[in-house]
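Numbers 4 to 619, taken from this note's numbering, label the letters of the sequence shown in order. Virtual Cβ for every residue (Gly too), placed ideally from N, Cα, C. Below you'll find the structure, written out as structure tokens, and then a few comments.
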Amino acid sequence: MASTNLDAVSVEIKVAGKVCDYVTMELFQSVSTHHRFKIKVNYRPDKPSVWAIGPDVIFKQLGEKVSIIMTHHESGEKTEFHGLISDIHVEGFDGNQGFVILEGGSPTILLDRDPAMDCYVEQNLNTIVSDILDKSGVKMNVTNNPKHTDIIPYVARYKETSYGFLSRLLRSYGEWFYYNGETLQIGDPEIDTESRAGYDVDLTSVNINATIRSLNHSTYEFDPVNDKFYYDYSGTPKGATLGSRSAEKCSEPIFPTEARLPSIRPAYSAMDLEHYGDAGFHRNYSQLSQMRATSRYCGIRLGELVVTRVPESFPGVKIPDLGRYRITEITHTVNSKGQYSNTFCGVPGGTPVMPWGDAVMPVAYPEMARVLSNDDPKNQGRVKVQFMWQEIDGGESYWMRVQSPDAGKSEQVAKNRGFVFIPEPGDLVMVGFEQGNPDRPYVTGSLFYKANSEGAGTDNSVKSIRTRSGHTLEFNDDEGGNWGITIKDGNGCILHLDTKGKNIEITAPETLSLTAKNVSINAEENVQIAAKQNIDVTAEADINIAAKGNLMQQTDGDLSVSAKGSINAEAKTDVSLSGQNTTVDGKTKVTVSGAETLVSGKMTTVQGAAHKIDVM
């Protein structure tokens, strides 16, 4: 048959633009997944059997476009679906001539091909969606109008197909994302027109259910960049029906315990978390009451509103309207007798978001990456990296935090208490993901590889910390070698704790300075001070030198003792002055006295201003 004429609906199917002679048809449409169809074709009635047709003729229709046009005769309402063939089966049973089964779906199945990895930095939903659809090469009508227009700092596609990633991303922001049969709808369809379907007129059956469900949910988020903790509790329902309001009242006392969970996607402000929590609340609320019905009217379309009624003539009917519902799923069927019918489901019509469950998050495992920059504009020690899968295209991440063994602050230290080791550009690092979420990366540590490692010495004896300029703290556990601890820089300044020899060695190519309120040097044996040039000892107050043994001053040149005041030399036994010539000179007088005074020499001269005495 080219079309059906029963139940006031005709259904025309075209394959590659040509009318298809079919036997049965089933088209499943949903807002939460791909549309699928199955068409049983009376392929070539002029042939004695489908088996007489070569596979090349039958299977060449793979990938061809399919159009299904359903027309309501009385109203002229049309519902169209455009998709493509993905599978073809040749089927035969009970010895008949056989049929060809054409299966396929909406163009969105082409977005569900090979998974890939990518990330988007500081873009909004509109540009992200456009980029993905452009790269996919899939040709279809698109309405790209998400309500969320703020810039998103970072979002990652992690081993997901284009369709899977878009579903997760848009779902997490409460956006509508579905194919309506002709157009891929992104954002609120803003369809307020209603179809009216009456039970026992347009509807052959109707089922409205209510179920208890926990609505006592809350979510939280910590924003490390702004040091803010956000919290959001369940919202106020919009667009409730009588069934959902009744189910809500019954559910409240049954589920008194608050279910507090972290936000699945990062929330960057209190308002952002509120929007996230509100979307989750309404997705959950839409499951309290749903409607399912069967109909002979093809004007009921996916994503549109339908008001269901019962005849007021029914005995005892006080409220004829059963509610206003948004269609979320519909299955169109044409049976072998050519009769059209459909089965559809709906949620309360005022539901402001897609009535899906929570976004299905991929579990992200640690990934290697190379540091591109550590010049964090907010001075929070974050880095930008390039994942291995970005090296070919030159992509980069957003700023991510670096895990540390200890990080924080104290009463005495306002910032940078703990270990401050930020990877350098070019370093290879391992990136982990908070809660396994690809949108929450952080650096867990750095990795050595061939180009930058030389191992840890024999028996893994050397442990070290070394900065980019060569500053080094080295621990050597080789008891037979250079056993000890060494601190050194790139210019040869060294502090070495010689564990083997029990010594401490300090080396400076230029100057070694000690500055303190008090300096004490105490040795159980000897203290040696040596200089190849000068030794200067100065004090603004006194200098005291004491020895329990001998005190010796020795020089190869002259020895000068000078004081602006007095010089006192005292010994409990003898004082000896010896030299080739000894001169005692007093500007005023020289006094030599003692119990016995002895002046001796081969020739002694005593000279005054007036007289001179020579004693032989």
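Proximity to V366 across S292, R171 and A574 peaks at R171, based on C-alpha coordinates. Residue pairing by DSSP puts I16 in a beta bridge opposite I71. Annotation for A11: no beta strand (DSSP E) segment contains it, and DSSP assigns it neither H nor E. Closest in C-alpha terms to S109, from the list R39, P149, N547 and V132, comes R39. Under the 8 angstroms Cβ criterion, the region 343 to 350 does not count as touching the region 183 to 197, having fewer than three qualifying pairs. Around the beta carbon of M391, fewer than 16 other beta carbons lie within 10 angstroms, which makes this residue exposed. In this chain, E477 is not harboured by any alpha helix (DSSP H); it is covered by the beta strand (DSSP E) spanning T475 to N479. Contact annotation: T146 and T82 have beta-carbon atoms that are not nearer than 7 angstroms. The DSSP-derived three-state label of D59 is helix.
According to the DSSP assignment, V132 belongs to the alpha helix (DSSP H) that extends over L128 to S139.
Using a Cβ distance threshold of 7 angstroms, G190 and P149 count as a contacting pair.
Annotation: V356 to R286 spans about 7 angstroms, alpha carbon to alpha carbon. 7 angstroms or more divides the Cβ of R174 from the Cβ of W402. Residue ranges of uninterrupted beta strand (DSSP E) with 3 or more members, entirely inside the region 86 to 122 and ordered along the chain, are 102 to 108. If you draw a straight line from the Cα of Y157 to the Cα of N219, it is about 30 angstroms long.
Y166 and V141 have their C-alpha atoms some 11 angstroms from each other.
Taking a C-beta distance under 7 angstroms as the contact criterion, V103 and I88 do not qualify as a contact pair. A Cβ-Cβ contact shorter than 7 angstroms links R268 with D442. Considered as a whole, the region 509 to 577 harbours no complete run of any alpha helix (DSSP H) with no fewer than 4 residues. Taking all protein chains in view, the Cβ of D235 is crowded by 16 or more other Cβ atoms within 10 Å, so the residue is classified as buried. D90 is the residue among V22, T164 and D90 whose C-alpha sits nearest the C-alpha of Q64.
Counting the other Cβ atoms within 10 Å of the Cβ of M294 gives 16 or more, which makes it buried. Under DSSP, H335 forms a beta bridge with L30 and N345.
In its chain, beyond the 5 residues on either side, S198, A200, V309, I330, I333, N345 and F347 have a beta carbon closer than 7 angstroms to the beta carbon of I303. Between the region 412 to 429 and the region 236 to 251 there are fewer than three C-beta pairs closer than 8 angstroms, too few to call the two in contact.
In the three-state reduction of the DSSP assignment, K150 falls in the coil class.
In this structure, S249 and Y288 do not form a Cβ contact; the two beta carbons are roughly 13 angstroms apart against a cut-off of 8 angstroms. In this chain, the alpha helix (DSSP H) harbouring M274 covers A273 to Y288. One Cα belongs to P58, the other to H92, and the distance between them is close to 10 angstroms.
Nearest in C-alpha terms to G473, of all of E543, D501, Y445 and K491, is K491. In the structure shown, G384 adopts coil according to DSSP, grouped into three states.
Exposure of L515 is indicated by the presence of fewer than 16 other C-beta atoms within 10 angstroms of its C-beta.
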